[in-house]
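Right, one structure below, let's go through it.
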Amino acid sequence: MKKLAAILMLLTVWFGVRAEVAIMGERVVDAARMAEFVSRHNPDFDPAIAEAFATVGDRYGIRGDIALCQAILETGWFRFGGGTAVSPDQHNYCGMSVTRRGLKGASFDSIEQGVTAMMQHLYAYCTTEPLPADEELVDPRFSLVSRGCAPTWEGLSNRWAMNPDYGSLILDIYSRLAGDTVVRRIEVDIDAAPEAHEEAPATAVADPIILY
């Protein structure tokens, strides 16, 4: 089901038709693939960040794989260069509290706390529900959001950032992540594979078919 969802999204991108994508939902890409994707652009990337986006996103019911792509956009592939307002030691992956040029932005004690703050901010935008049980509020700007005003990634445009294409830029990065994960690694189960039938003939397909 996860593969099917990613394939459908990719097809809509390729054919120029894309329904708006909900911020909340089940993650498609696992943490290892997320880390590998970022590491191709930044060899110094800490895979613990990808793991946090996966696990914290799952706790909040938010697409951590797409949130990672938002952080890629905000931090320049987690290099924190090229005019990015925050530094790596702040664990601020979304420019939180950088409301005007020259501000340093919010700082957090750990990777998980920084990712949690970002997920909580997304949560404020996409739903009016209270935080999940046992979750402590660490987002310093949570109360400033008009709750539920942007249930989709596209809805963050001109809200999270004053850019009309902000949501589309996030999803463009995600389409690359999902394409790398799904299109190049779709494995089709073969019912007649030897694993399923001990009496399979020598000419049976021994390995899954991989579509490129």
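According to this note's numbering, the residues represented by the sequence shown are 3 to 214, in order.
Idealized CB from N, CA, C, for every residue including glycine.
{"Check": "Among F80, L146, P132 and A69, which has the Cα closest to the Cα of T101?", "Outcome": "L146"}
{"Check": "Is it buried or exposed, A206, if we count other Cβ atoms within 10 angstroms and call 16 or more buried?", "Outcome": "Confidence at A206 is low in this model, with a pLDDT of 35, below 50, so its placement is unreliable and no value can be given for it."}
{"Check": "Quick one, which of P134, R103, D141 and A69 has its alpha-carbon nearest A54's?", "Outcome": "A69"}
{"Check": "Is the Cβ-Cβ distance between A152 and Y127 less than 9 Å?", "Outcome": "yes"}
{"Check": "Going by DSSP, which residues form a beta bridge with T154?", "Outcome": "A24"}
{"Check": "Straight-line CA distance for Y168 to D136?", "Outcome": "32 Å"}
{"Check": "How many angstroms separate the CA atom of Y95 from the CA atom of S159?", "Outcome": "17 Å"}
{"Check": "How is S177 classed by DSSP in three states: helix, strand or coil?", "Outcome": "helix"}
{"Check": "Please say whether A52 and A34 have beta carbons closer to each other than 9 Å?", "Outcome": "yes"}
{"Check": "Just checking my contact of G97 with V88 at CB under 8 Å: how many whole Å lie between their CB atoms?", "Outcome": "6 Å"}
{"Check": "Return the residue from the list S41, L173, S170 and F144 that minimises the CA-CA distance to M121.", "Outcome": "F144"}
{"Check": "Can you pull the DSSP bridge partners for A163?", "Outcome": "S159"}
{"Check": "Would you tell me roughly how many angstroms separate the C-alpha atoms of A56 and R103, rounded to the nearest one?", "Outcome": "31 Å"}
{"Check": "Check for me: the alpha helix (DSSP H) holding A108 runs from which residue to which?", "Outcome": "Careful: A108 lies outside any alpha helix (DSSP H) and carries neither H nor E."}
{"Check": "How many Å lie between R149 and L139 at the Cα?", "Outcome": "15 Å"}
{"Check": "Take Q92 and list the residues in its own chain whose beta-carbon comes closer than 6 Å to its own, dropping the five residues that flank it on each side.", "Outcome": "S109"}
{"Check": "Ignore the nearest five residues each way along the sequence and tell me which others in D141's own chain have a CB closer than 6 Å to its CB.", "Outcome": "A119, Q122 and H123"}
{"Check": "When you compare each of D182, R178, S170 and L179 to A21 by their alpha carbons, which one comes out closest?", "Outcome": "S170"}
{"Check": "Looking only at C-alpha atoms, which of D48, R161, A163 and I74 sits nearest to S112?", "Outcome": "D48"}
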